[in-house]
Ligand SMILES: [Zn+2]
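Encoded structure:
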C-alpha cells in the first residue's frame, strides 16, 4: 500500500512546478518524492541555479501562498484535456473524463492526488538545498506552518 501523500506538501509541489515552468520554461518535475517533513522534485534542466534564482523561486511560491488562492478540482472530457495538458503518463483505461486541479488562475494540472482547500493552508515554503547533475536539477524543500 502506498502511504498517504501529505496534502500541504503535494499542493506546494503544484506551486513549485508552475513557478519553474513560468520562470525557466522547463517542464513540470518528472519525478517527485513528497513526504510530510521534506520533499524533493527533479526537473530536466540545463544548468545549476544560482542562490539568487533560488530566492526568487521561494519568493514567488510564498507570494502565491499568501494570496490564499482557492484550490479546486473539476472533471473535464479527456479529449479537451489532451489539447491543454501533457497526458503522456495517463493510463489507457483512464476513462472519458479527467480531474483537473486548479490553484486560482495560477496553475491547472491533471492530478488525482490530495490537496488543501486554499494556498494559505500550505504554510511557508523554503528551499533547503538544490543540486544539478547530468541534466537533472533537484530541488529539496520544506514547509513551515504559519499558525
Ligand atoms: Zn495534485
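In this note's numbering, the protein residues as written are 1405 to 1551.
Glycine included, every Cβ here is placed at the ideal spot set by N, Cα and C.
For residue i, collect the residues of the same chain with a Cβ closer than 6 Å to its Cβ; drop the 5 residues on either side in sequence, then sort them by chain order.
i, result
"residue 1435", "1446"
"residue 1488", "none"
"residue 1540", "1446"
"residue 1464", "1423"
For residue i, which residues from the same chain have a beta carbon less than 8 Å from its beta carbon, with the 5 sequence-adjacent residues on both sides left out?
i, result
"residue 1548", "1527, 1528, 1530"
"residue 1421", "1432, 1433, 1445, 1511, 1513"
"residue 1466", "1528, 1529"
For residue i, which residues in the same chain have their Cβ closer than 7 Å to its Cβ, ignoring the five residues on either side in sequence?
i, result
"residue 1491", "1485, 1514"
"residue 1598", "The question about residue 1598 has no answer here: the residues shown for the chain are numbered 1405 through 1551."
"residue 1519", "1411, 1414, 1415, 1475, 1505"
Can you give me the C-alpha to C-alpha distance between residue i and residue j, rounded to a whole angstrom?
i, j, result
"residue 1495", "residue 1437", "21 Å"
"residue 1443", "residue 1415", "12 Å"
"residue 1545", "residue 1470", "17 Å"
"residue 1411", "residue 1476", "13 Å"
"residue 1362", "residue 1533", "The structure shown does not extend to residue 1362, since the chain is modelled only from 1405 through 1551, so no value can be given for it."
"residue 1536", "residue 1448", "10 Å"
"residue 1440", "residue 1409", "8 Å"
"residue 1521", "residue 1497", "29 Å"
"residue 1502", "residue 1424", "24 Å"
"residue 1426", "residue 1542", "17 Å"
"residue 1455", "residue 1493", "32 Å"
"residue 1451", "residue 1538", "9 Å"
"residue 1430", "residue 1459", "18 Å"
Rounded to whole angstroms, how far is the Cβ of residue i from the Cβ of residue j, which I believe are closer than 8 Å?
i, j, result
"residue 1473", "residue 1507", "5 Å"
"residue 1500", "residue 1482", "6 Å"
Run the Cβ filter for me: residues under 6 Å from any heavy atom of ligand 1, listed in the order they occur in the chain.
1414, 1418, 1505, 1515, 1517, 1519
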